[in-house]
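Read the structure below first, then the notes.
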Amino acid sequence: MSDYVAWPPERKRNRNAKKDQGTLTREFLDPQRNPWIDKPLREVTGVEVQRVIEAIRDRPAAASAYEAFGLLKRFFEWVIAPKRRAELGVMESPLTKLTNEEMKLQKNKRHRKHDADEVRAYWARAETTAYPWGEYFKALMLTGQRNRDVRLVQWCEFDLEKRTWTIPAVRFKSDRDELVMLSVPVIQLLDRIKRRQSENHGPFVFSTTDGWKPIQGASKATEVFRKRMGEIYAEKHGKPMKHWVPACWPCASGP
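Right under this line is the structure:
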């Protein structure tokens, strides 16, 4: 497995390599979590694998168990490739008859969406947040794009006359550019940002280094933003806002 963990970064278009490496190392290369770590792979049984996956599930960490099981299936598919099968003596994956249903695993589904009052609190918080984070959070809402694509966006990706944003293929598994049509509020936001930037500003739209590096620390900034957004909502409505996670951005076309 150590060999396999070192391999994912070489896989084409694998944006999750670092995260996958961390999960595999944490869950299956730790003797405290994996009782069959010292056994030859050909002797590992489906029951032993099931116990480890269910132990993750019962921490409780159901979403992590689902993810770990998927990664382990791909690991054993790698193991039983013809050349490695001959070297290791593993003729069949021990996971062949194991299923998510058998172990009561399911993918973590996100259904949380902000209502109109929460969107107003979100926008109010963005309005009082200094550049680049205030504009970054506004762009997330107005474009509906993934936070990574907004965070890494460069000026050269925009055609403001045609009101389009071309997200380069390197950020997509499909190996093709993604064309995003921009609304008037987005164009106005970009115009305000552009007018405030210096002539020597670098290529990145959202930056604390005069455009030469994209913004860093999005997780911490989002946590601070979320806390203040909740306070604004509570002040207005006299009750706390329901919990939400950073991946569930508001579904809205404007403030």
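Quick note, our numbering runs 18 ahead of the 1-based positions in the sequence shown.
From the three backbone atoms N, C-alpha and C, an ideal C-beta is built for every residue, glycine too.
Can you name, in chain order, every residue of its own chain whose Cβ lies under 8 Å from the Cβ of Q120, other than the five neighbours on each side? Translated into positions along the sequence shown, residue 120 becomes position 102. Reading the sequence as shown, one finds Glu at residue 120 and not Gln. These residues qualify, in order along the chain: Q68.
Do T184 and D193 come within 7 Å of each other at the CB atom, strictly closer than that value? Locating residue 193 in the sequence shown gives position 175, counting from the first residue. Locating residue 184 in the sequence shown gives position 166, counting from the first residue. In terms of Cβ geometry, D193 and T184 do not form a close pair [threshold 7 Å].
Hey, is the region 172-181 in contact with the region 130-139, meaning 3+ C-beta pairs nearer than 8 Å? Put simply, the region 172-181 does not touch the region 130-139. Fewer than three CB pairs are less than 8 Å apart.
Out of E153, W151, V108 and D38, which one is the CA nearest neighbour of A83? The count along the sequence shown starts at 1 and reaches residue 83 at position 65. The residue among E153, W151, V108 and D38 with its C-alpha nearest the C-alpha of A83 is D38.
Can you check whether the CB of L158 is closer than 7 Å to the CB of V168? Within the sequence shown, residue 168 is the residue found at index 150, counting from 1. Within the sequence shown, residue 158 is the residue found at index 140, counting from 1. Result yes, Cβ atoms of V168 and L158 sit closer than 7 Å.
Status (buried if at least 16 other CB within 10 Å, exposed otherwise) for N34: Residue mapping note: residue 34 aligns to position 16 of the sequence shown, counting from 1. In this structure N34 is exposed. Its beta-carbon is surrounded by fewer than 16 other beta-carbon atoms within 10 angstroms.
Quick check on the burial criterion: 16 or more other C-beta atoms within 10 angstroms. Buried or exposed for E85? In the sequence shown, counting from the first residue as 1, residue 85 sits at position 67. Of the other Cβ atoms in all chains shown, 16 or more fall within 10 Å of the Cβ of E85; this residue is therefore buried.
Please state whether the Cβ-Cβ distance between M259 and R143 is less than 7 Å. Counted from its first residue, the sequence shown places residue 259 at position 241. Counted from its first residue, the sequence shown places residue 143 at position 125. The criterion of a C-beta distance shorter than 7 Å is not satisfied by M259 and R143.
Can you find at least 3 beta carbon pairs, one from the region 55-71 and one from the region 94-109, that sit closer than 8 Å? Yes, they touch.
Identify the residues that DSSP records as bridge partners of I185: which are they? Position 167 of the sequence shown, counted from the start, is the residue given in the question as residue 185. E196.
Give me the DSSP bridge partner(s) of D177. Residue 177 sits at position 159 when you count from the first residue of the sequence shown. D177 pairs with T182.
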